[in-house]
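Everything on this sheet refers to the single structure shown next.
In the working numbering, the protein residues as written are -19 to 216.
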């Protein structure tokens, strides 16, 4: 079994879900008292958030590089960055690492292809919805067209993430806002919606909306387990 490397803390709410989902999946696949072999480095989200909103992406890239190298030095065989937004600086991590980097977009795209979806809605932070690092990879590498809410709704989605979900606050009124926005995306002809912030799964799941949802946290975690078990014979 390979050792999974995790860069977390952005926020710790979703990092805890990564740890839970990875170990739950490993136990379900292997049975008994099995769990994943993993190492995690967490960063200060207070500092990360300030740099994000100041658009200081070069410094953020350096911070993520340092965290990635710590994970590598701790014995990880590959690395996950447990946040969608910070994939804005994924190239900096890939350049620094001597081990594979499992990009969060790729398992989500694979799930979309498996579902036959080529036009999809995206909810996430303003950085993820408005900058091209996420939509561009979906488009250029995977041939998937990504649709985002209008500017006013993007602000609502972003605010709920940072002001509520990152603090573990889950409000029914905010769930209703997300449901309405997803409905508006459906009216634009999307076949599903990406929950493109690792905190959104705290608020919205498949039971909440009719449109198929693609939870990047769960898909990323599942892909990590699959990679960790490459070459491992799993008894049925």
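By construction, the Cβ of each residue, glycine as well, lies at the ideal position given by its N, Cα and C atoms.
Just so we're clear, the structure is a prediction, and the values are computed from it rather than from any experiment.
In the structure shown, the three-state DSSP call for residue 84 is coil. Note that the region 146 to 158 touches the region 176 to 193; at least 3 beta-carbon pairs, one per stretch, sit closer than 8 Å.
If you check the CB distance, residue -4 and residue 19 do not come in under 7 Å.
The region 40 to 60 makes contact with the region 73 to 82: 3 or more CB pairs, one atom from each, lie closer than 8 Å. Residue 146 is positioned such that its CB atom lies no closer than 7 Å to that of residue 43. In terms of CA proximity to residue 174, 197 leads the group 160, 131, 197 and 167. In the DSSP annotation of this structure, the continuous segment of the alpha helix (DSSP H) that includes residue 108 starts and ends at 106 to 110. For residue 51, the enclosing alpha helix (DSSP H) covers residues 37 to 53.
Taking all protein chains in view, the Cβ of residue 120 is surrounded by fewer than 16 other Cβ atoms within 10 Å, so the residue is classified as exposed.
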